[in-house]
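Asks: Heads up: the sequence shown is residues 1391 to 1833, going by our numbering. Think of the CB as a built atom: it goes at the ideal place given N, C-alpha and C, for glycine as much as any other residue. Being a predicted model, the structure only gives us computed values, none of them experimental. Attaching a single structure in structure tokens format; questions to follow.
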Amino acid sequence: MTTTEKHLEPEALEHIEEEIDHALGDEYEHEPVPAKARRSMFSVTMVWMGFPMIITGAMTGSILVLGMGFSSALTAMIIGNLIMLVYVGLLGQLGATKGMNFALLASIVFGRKGYVFASGLLSTLLLGWYAVQTGITGALVSSTYDLNYVVMTLIAGALYIGVTFVGVKGLHLIGMISVPLFVILGLFVVGDAASTTSWDAIMSYPGNNGVATMSMGVGLTVVIALFIDAGTVSADFNRWAKDTKSSWVATFSAFPFANLAAMLVGGIMTAALAVPDANPFGTDNMFGYMNNMQMTWLSVLAFLFLYVNLGSVCAHCLYNAATGWSRILRSHMRLFAVILGAIGIVIAATNVWAFFIEWLSLLGILVPPIGAIILVDQFLVRKNSEIDRDWRWTAFIAWACGSAVAFVVEWYLPHLSTAISAGLVGGVAYYLISTLSGKTATA
């Protein structure tokens, strides 16, 4: 290869990436989304609604009902989703107003160099979430149809990379398919399961084997942590909204509507069937329920539904991860969707999904302070501020305070909510530090 050819390779690659962006649409990794490129309220709503209305959400609902009993779990679901509505809605409003993705928004609060830590952490965690969900896809298909786990995981991962590669348009399209399927099949499962008992029995279901072992604090953490990482980077999606009204409508379609609906499908099914020692990650979920009915057409539909439904959440997570890392490394979202997707598939093949609950605990400790600090900074401390320095240490100190307290709560005060504690302490610490250092207006 000649020296000239070596110099041409990066230029040729850049040209290919530009041609792809021209064909599929610019993803605006490094600048705000201009007004002319914003999408309709319906489009952004479908992007958001297709994210949490998933089988994993139904599994989470089952876990909550098994651990808390139905009535207490329902309370945790409602409160947790309302907290998410406010948290994600306000962060999404910032994204819609400024047109910035999370990485650009974090640059204002953590600094033009400091943002790498916040954005890099969240992007990596979201890659992990992609791997977990891809692994769950492979595990459910493998256990149900006696197919090879690794092969099924590889197929799932490749399909999900393809959806992400299309960009925000791909997220819209898969949401258009996944949401109606979930609503129809979810109502079918709930109706059929509920017909085996009474609604009074469902409401009074006490928990697995008649014992509630999960506290309200832990339950709230599970509800919040399920989407706290993606909710914190909500600007990645809401920056496409034409105005703040569209942003809030889209957020509401996810929290509480879609997320609560998914959790209720799993929760009602679990309480209605009252299976001792039920395993939501085995066959005791809506996917397993449909296959256990021994109807060929329903099993085929369940198979397709699983790939489409979990494909929606996986594509969203990979999109967030690729958007963040492409900004950090000054590249393109689509290139990193392929690279990170391949890494995620390898991780998924190692059965990482088995650490689902531990994953939620980690998210509840590390993530909430980041969003809380951004909200306090942009709505209370430094309204309309811009990227003005490399590092903003007040944000990092507050982040450490929030996560440290969350760690203590996780290990020594398990009856409290780790996620809520982390967010509250991080936000309050940031406000106090900014005030005491005399930087409320100029920090």
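What does the alpha-carbon distance come out to for the pair Pro1670 and Trp1687?
Replies: Position 280 of the sequence shown, counted from the first residue, corresponds to residue 1670. Position 297 of the sequence shown, counted from the first residue, corresponds to residue 1687. The straight-line gap from Cα to Cα measures roughly 23 Å.
Asks: Between the Cα of Tyr1595 and the Cα atoms of Ala1620, Val1531, Leu1464 and Thr1514, which residue gives the shortest distance?
Replies: Translated into positions along the sequence shown, residue 1595 becomes position 205. Taking only the C-alpha atoms, the option nearest Tyr1595 is Leu1464.
Asks: Do Tyr1477 and Val1579 have their C-beta atoms closer together than 7 Å?
Replies: Here residue 1477 refers to the residue found at position 87 when the sequence shown is read from its first residue. Here residue 1579 refers to the residue found at position 189 when the sequence shown is read from its first residue. Going by C-beta atoms, Tyr1477 is not nearer than 7 Å to Val1579.
Asks: Measure from the C-beta of Leu1481 to each C-beta in chain B and report whether the shortest distance is under 7 Å.
Replies: Looking at the structure shown, chain B is missing, and only one protein chain is on hand.
Asks: What residues are listed by DSSP as bridge partners for Ala1631?
Replies: The count along the sequence shown starts at 1 and reaches residue 1631 at position 241. Answer is Arg1429, bridged to Ala1631.
Asks: Which residue's Cα is closest to the Cα of Thr1641: Thr1586, Lys1503, Ile1473 and Gly1479?
Replies: For the purposes of this step, residue 1641 is taken as the residue at position 251 of the sequence shown. Nearest option by C-alpha distance: Gly1479.
Asks: Looking only at C-alpha atoms, which of Ile1445, Ile1810, Ile1468 and Phe1745 sits nearest to Pro1646?
Replies: The residue given as residue 1646 occupies position 256 in the sequence shown. The shortest Cα separation from Pro1646 among Ile1445, Ile1810, Ile1468 and Phe1745 belongs to Ile1468.
Asks: Measuring only the C-alpha atoms, how far is Glu1419 from Leu1517?
Replies: Reading the sequence shown from its first residue, position 29 is the one you call residue 1419. Reading the sequence shown from its first residue, position 127 is the one you call residue 1517. So the alpha carbons of these two residues sit roughly 17 Å apart.
Asks: DSSP on Leu1826, reduced to helix/strand/coil?
Replies: Walking along the sequence shown from the start, residue 1826 turns up at place 436. If DSSP states are grouped into helix, strand and coil, Leu1826 belongs with the helices.
Asks: Are the beta-carbon atoms belonging to Ala1583 and Ala1662 less than 7 Å from one another?
Replies: For this step, residue 1583 is matched to residue 193 along the sequence shown. For this step, residue 1662 is matched to residue 272 along the sequence shown. The answer is yes: Cβ separation under 7 Å.
Asks: Quick check on the DSSP output: what are the complete alpha helix (DSSP H) runs of length 4 or more inside the stretch 1670-1736, in order along the chain?
Replies: Fully enclosed alpha helix (DSSP H) runs of 4 or longer: 1676-1681 and 1686-1718.
Asks: I believe Gly1792 touches Gly1816 by the beta-carbon criterion, under 8 Å. Please report the beta-carbon distance rounded to the nearest angstrom.
Replies: On the sequence shown, position 402 is the one that residue 1792 refers to. On the sequence shown, position 426 is the one that residue 1816 refers to. Correct: roughly 3 Å between the Cβ atoms.
Asks: Measuring CB to CB, does Thr1611 end up less than 7 Å from Ala1812?
Replies: Here residue 1611 corresponds to residue number 221 of the sequence shown, with the count starting at 1. Here residue 1812 corresponds to residue number 422 of the sequence shown, with the count starting at 1. No. Outside cutoff.
Asks: Just list the alpha helix (DSSP H) runs in the stretch 1503-1574, keeping only unbroken ones of 4 residues or longer that don't cross its boundaries, in chain order.
Replies: With a minimum length of 4 residues, the continuous alpha helix (DSSP H) runs that stay inside the stretch 1503-1574 are 1505-1535 and 1539-1556.
Asks: May I ask you to report which of helix, strand or coil DSSP gives Leu1610?
Replies: The residue labelled residue 1610 in the question sits at position 220 within the sequence shown. Leu1610: helix per DSSP, three-state reduction.
Asks: So, at 6 Å on beta carbons, what are the nonlocal neighbours of Val1569 in its own chain, with the 5 sequence-adjacent residues on each side left out?
Replies: The residue labelled residue 1569 in the question sits at position 179 within the sequence shown. Met1439, Gly1440 and Met1443.
Asks: Out of Val1558, Val1522 and Met1593, which one is the CA nearest neighbour of Ser1462?
Replies: As a first step, residue 1462 must be located in the sequence shown, where it is residue number 72. When each option's Cα is compared against that of Ser1462, the closest is Met1593.
Asks: Report all residues from its chain with a CB closer than 7 Å to the CB of Asn1741; omit the five preceding and five following residues, and keep chain order.
Replies: By one-based count along the sequence shown, residue 1741 stands at place 351. Gly1525, listed in sequence order.
Asks: Is Ala1357 helix, strand or coil when you go by DSSP?
Replies: Missing from the structure shown is residue 1357; the chain here goes from 1391 to 1833 and no further.
Asks: Is Val1522 a contact residue of the ligand FAD, with contact defined as CB to any heavy atom under 6 Å?
Replies: No copy of the ligand FAD appears in this structure; indeed no ligand is present at all.
Asks: Mind checking which residues open and close the alpha helix (DSSP H) that includes Val1841?
Replies: As displayed, the chain neither begins before 1391 nor continues past 1833, which places residue 1841 out of reach and without an answer.
Asks: Kindly confirm or deny that the stretch 1686-1701 and the stretch 1630-1638 touch, where touching means at least three C-beta pairs closer than 8 Å.
Replies: With a cut-off of 8 Å, the stretch 1630-1638 and the stretch 1686-1701 do not count as touching, because too few Cβ pairs lie within range.
Asks: If you follow the alpha helix (DSSP H) that Pro1759 is part of, which residue opens it and which one closes it?
Replies: The count along the sequence shown starts at 1 and reaches residue 1759 at position 369. That run of the alpha helix (DSSP H) goes Pro1758 to Val1766.
Asks: Excluding sequence positions up to five away, which residues of its chain have a Cβ less than 6 Å from the Cβ of Asp1626?
Replies: One-based indexing of the sequence shown puts residue 1626 at position 236. Excluding positions up to five away in sequence, the list reads Asn1491, Phe1492, Asn1710 and Thr1713.
Asks: Closest by CA to Phe1507, which one among Leu1826, Leu1575, Thr1446 and Ala1790?
Replies: In the sequence shown, counting from the first residue as 1, residue 1507 sits at position 117. That would be Ala1790, whose Cα lies nearest to the Cα of Phe1507.
Asks: Is DSSP giving Tyr1595 helix, strand or coil here?
Replies: Counted from its first residue, the sequence shown places residue 1595 at position 205. Correct three-state label for Tyr1595: coil.
Asks: By DSSP, does Tyr1821 sit in helix, in strand, or in coil?
Replies: Counting from one through the sequence shown, the residue named residue 1821 turns up at place 431. It is helical.
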